[in-house]
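Structural data, given as structure tokens:
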């Protein structure tokens with residue numbers, strides 16, 4: 539049985555909460571994250587802030603907030619690339635990185651990638 543086709547699309551405001559959840563999932567086991575956001579209430583505030591930031595970036599035409607969907611749900615975002623743990627190792631991050639590289643080349647823009655240790 540093959541995996542569903544991955545599709546790169548622009549994020550909508552409906553994706554913002556999931557973008558925030560994926561961002562937190564990428565860091566929530568890191569000691570520095572746990573030290574900075576040690577209490578659940580603080581992590582909840584961070585989730586709200588990340589959701590609001592995602593909405594602001596989606597609305598701002600200077601940003602390209604993209605997500606990869608597989609027909610069942612969003613997998614990753616490009617503003618901060620973070621793969622939903624349920625969808626790791628399926629090529630979604632590669633789709634976004636390649637889009638960023640091609641977009642940078644086409645627009646003659648510099649491209650940088652920042653990664654966590656386990657990426």
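Residue numbers (the working numbering): 539 to 657. Backbone N, C-alpha and C fix where the C-beta goes; we use that ideal spot for every residue, glycine too. Please read these numbers as outputs of a predicted model, since none were measured by experiment.
Asked	Found
Beta-carbon contacts of residue 571 that lie in its chain and below 6 Å, excluding the five residues immediately before and after	565
Residue 634, buried or exposed, once every other Cβ within 10 Å from all chains shown has been counted against 16	buried
Beta-carbon proximity of residue 549 to residue 596, cut-off 8 Å	yes
C-alpha gap between residue 658 and residue 577, whole angstroms	A question about residue 658 goes unanswered here, because the residues of the chain that appear run from 539 up to 657.
Those residues which DSSP pairs with residue 604 across a bridge	548
For residue 623 and residue 568, the rounded distance between their alpha carbons	15 Å
Coil, strand or helix - residue 568 by DSSP	coil
Beta-carbon proximity of residue 592 to residue 558, cut-off 8 Å	yes
Three-way DSSP call (helix, strand, coil) for residue 588 in this model	helix
Neighbourhood of residue 582 by C-beta, 8 Å cutoff - its chain only, sequence neighbours within 5 removed	none
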